[in-house]
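Here the sequence shown is numbered in my numbering, starting from 3 and rising by one per residue. Just so you know, even glycine gets a beta-carbon here, dropped at the ideal spot from N, CA and C.
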Amino acid sequence: MSKASKETYVKQLNTGKPLADKERIKAYIKSNPYTHIHRMKIDLRISHQTLTARLSDLLDNGCIEVAMVSKVPRQSSLVSRFIIQENEDKKLSNRVSRLKEKKIKWLKKGLELARLSGKSIEELISA
Numbered sequence: 003m004s005k006a007s008k009e010t011y012v013k014q015l016n017t018g019k020p021l022a023d024k025e026r027i028k029a030y031i032k033s034n035p036y037t038h039i040h041r042m043k044i045d046l047r048i049s050h051q052t053l054t055a056r057l058s059d060l061l062d063n064g065c066i067e068v069a070m071v072s073k074v075p076r077q078s079s080l081v082s083r084f085i086i087q088e089n090e091d092k093k094l095s096n097r098v099s100r101l102k103e104k105k106i107k108w109l110k111k112g113l114e115l116a117r118l119s120g121k122s123i124e125e126l127i128s129a
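Structure below.
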């Protein structure tokens with residue numbers, strides 16, 4: 003992260019912008035269940051990077067969930083469709099699942115890096 007990016011992030015935190023963005027996104031998903039990123043970007047007039055960062059935060063907190071993944075007509079790409087999660091037990095379950103997914107993802111990246119570099123995980127960590 004560049005110095006300018008860090009300064010912008012701190013400024014946004016001080017103004018409450020990330021929180022406001024999350025609330026706008028949650029309200030949008032609540033009124034438009036099964037919506038997807040492309041639609042939210044247009045309707046909320048929010049950058050892709052900001053939107054995906056806030057969605058990631060909401061997914062980490064268990065507030066929203068990916069309801070389904072569908073193929074875009076006439077394209078090979080897939081889109082995630084989101085819904086609000088109101089049930090507190092399900093929110094907790096979502097948070098735990100998300101943490102496990104992230105942990106596994108990072109472990110796989112570490113193992114792949116070790117394989118590509120020809121070093122052990124211990125050697126990479128101590129470097």
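Boundaries for Lys-121: no alpha helix (DSSP H) harbours it, and the DSSP string shows neither H nor E there.
Separation of Glu-125 and Glu-103 (C-alpha to C-alpha, rounded to the nearest whole angstrom) is 25 Å.
Distance from the Cα of Ser-72 is smallest, within the candidate group Tyr-36, Gly-120, Arg-97 and Ile-66, for Tyr-36.
By the criterion of a C-beta distance shorter than 7 Å, Ser-33 is surrounded by no residue of its chain, once the five residues flanking it on both sides are discounted. Residue pairing for Leu-80: DSSP places it in a beta bridge opposite Lys-73.
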